[in-house]
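**Q**
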Amino acid sequence: MQKRLTLLFFCMLIVSSLFAQDDLDAQLLKQTPNCESVAFNSTKLINRYFDQSNIDSISLVVNKWDEFCGETEPLFRVKVLTNITLATFSEDQISERETEMNLIINYLDRKDLAAEKNYHQLYEYYKFYLGYVPLNSDFDLTTVAWATSLLEDNTDLSPSEKAYCLLYSNQTDEFWNYLQSSDMQGSKLADRYNSEKERVENLWDGHLNFFSGVFVPSSSLNDVIGVKPIFGFQLGAKVKKTQLDLTMSFRPGNAKEYYDVYFQGQTFPTRDHLGGYIGLDFARELTNNFKRELDLEWGIGADFMDVISGDPDVTDDSKTLVSFNFNCGLGYRFYLKNMNYIGLHGKYNLINFNNKRGTDLSGNYLSFTLSYNWFGNPTKYKLLEKMKLK
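Residue numbering for the sequence shown follows this note's numbering, beginning at 10 and increasing consecutively.
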């Protein structure tokens, strides 16, 4: 009897351990639902139900997908198409979303990525942004066919419904043109578009250039110093039609003639000269067709001229004349690709070098420069191009 009880105990122990092992395996291999798997299963069901013309079932899938994952671009897309098909589309409901234009841009980004040769790798990198729906998927083909059929089979679509069908049938140019048409005026989608357009156009553009040119003085300044080359750079930004730059320029070269400078109680003859300008320069756009631009330019700053170089290691062994500079003129830009342009600039500079007890250095000057510029905002230009505004 005792042997039988012992044998039964060991059998129960073995069976228990086997069940425990199975339970451990089940726990280790258990899959927790996530948005990627939900999106995958939802798109499969939507494809199947669309083939069966079962739009009511698609609506149920959409609701569950939204409940689990929240709004994504693929989900928003199929919501719009479902509501149009079921005649439940409400522009008030759709267009009250602050993210509406972002979702439209997201779809266009998806279209661009899908056209790349390495779209599989791009999907892995951007899968969250793409709503966990693979690029060039059967779901994408389904929504294109769906939107196309709505355009072909319905003549009573509202302007906003037609706009979305143009977008999701991949008629991108027609979509942007239609948004700007008289049919769309007063719609909430057009209002969203106009607000986004204004926001994008008002983004700032960075600016950096290097320039060279010529310094052409007048009066006594020309007689003594003469014409000199100019080298410099600008760094700044443009907002709307106004540009602001920090400008630094230099004018090397000895003076044309010897001139007198009063320094440390004595008058010295010298031909030393190193001129320059540091200031804030402004440009206001007068005309712009995205290839050529005419600007009114003006600036304020300090003009300087080293008249005694001296020894840089010795204190008070040099002298620099400084004058206030106000300048005004015109600039013309030739835009190139990749946010570059070549600029031509001509300005008249009002200055007054006061060389006390020395040679008269009065006179103003003209500056003519040629610049090569890096200009723009990659995010802004990408959006303008995507919205067919550039």
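Using N, Cα and C, we set each Cβ at its ideal position, and we do this for glycine too.
1) Suppose the cutoff is 8 Å on Cβ atoms and the five residues either side in sequence are ignored; what does the same chain contact list for Tyr-344 look like?
2) Quick one: what's got a C-beta closer than 6 Å to Ser-371's C-beta in the same chain, skipping five residues either side?
3) Measuring only the C-alpha atoms, how far is Val-233 from Gln-273?
4) Can you find the residues in the same chain that come closer than 6 Å, C-beta to C-beta, to Ser-332, ignoring five residues on each side of it along the sequence?
5) On a Cα-Cα basis, can you pick out the residue from Glu-45, Asp-290, Pro-238 that is closest to Gly-284?
6) Assess contact between the segment 274-294 and the segment 257-264, defined as three or more Cβ pairs (one per stretch) separated by less than 8 Å. Is contact present?
7) Whole-angstrom Cβ separation of Glu-100 and Ser-190, contact assumed at under 8 Å?
8) Just list the alpha helix (DSSP H) runs in the segment 152-192, keeping only unbroken ones of 4 residues or longer that don't cross its boundaries, in chain order.
9) Taking all protein chains shown into account, decide if Glu-82 is buried (16 or more other Cβ within 10 angstroms of its Cβ) or exposed.
10) With three or more C-beta pairs closer than 8 Å as the rule, is the segment 144-161 touching the segment 78-94?
11) Who are the Cβ neighbours of Ile-67 in its own chain at under 6 Å, not counting the five residues just before and after it?
12) At which residue ranges does the segment 203-231 contain complete beta strand (DSSP E) runs of 3 or more residues, listed in the order of the chain?
13) Express the C-alpha separation of Val-142 and Leu-393 in angstroms, rounding to a whole number.
14) By the three-class DSSP mapping on this structure, what secondary structure does Asp-101 have?
15) Under 8 Å, do Thr-276 and Gly-352 count as touching if we go by C-beta distance?
16) Return yes when the Cβ of Leu-188 is within less than 8 Å of the Cβ of Ala-172, no when it is not.
17) Check for me: the alpha helix (DSSP H) holding Lys-120 runs from which residue to which?
18) Considering only their Cβ atoms, is the gap separating Gln-243 from Thr-251 smaller than 8 Å?
19) Leaving out five residues before and five after Tyr-271 in sequence, what residues of the same chain have Cβ atoms less than 7 Å from its Cβ?
**A** Reading off the structure:
1) Phe-299, Lys-300, Arg-301, Glu-302, Tyr-350
2) Ser-228, Ser-229
3) Approximately 22 Å, taken between the alpha carbons.
4) Cβ neighbours of Ser-332 beyond the five flanking positions: Asp-312, Ile-360, Asn-361, Phe-362.
5) Pro-238
6) In short, these stretches touch, since the Cβ pair count reaches three.
7) The pair is not a contact, with the Cβ atoms about 16 Å apart (cut-off 8 Å).
8) 168-177, 181-188
9) Buried.
10) yes
11) Ile-55, Tyr-58, Thr-91
12) 214-226
13) 26 Å
14) helix
15) no
16) yes
17) First-last of the alpha helix (DSSP H) with Lys-120: 109-123.
18) no
19) Lys-365, Arg-366, Gly-367
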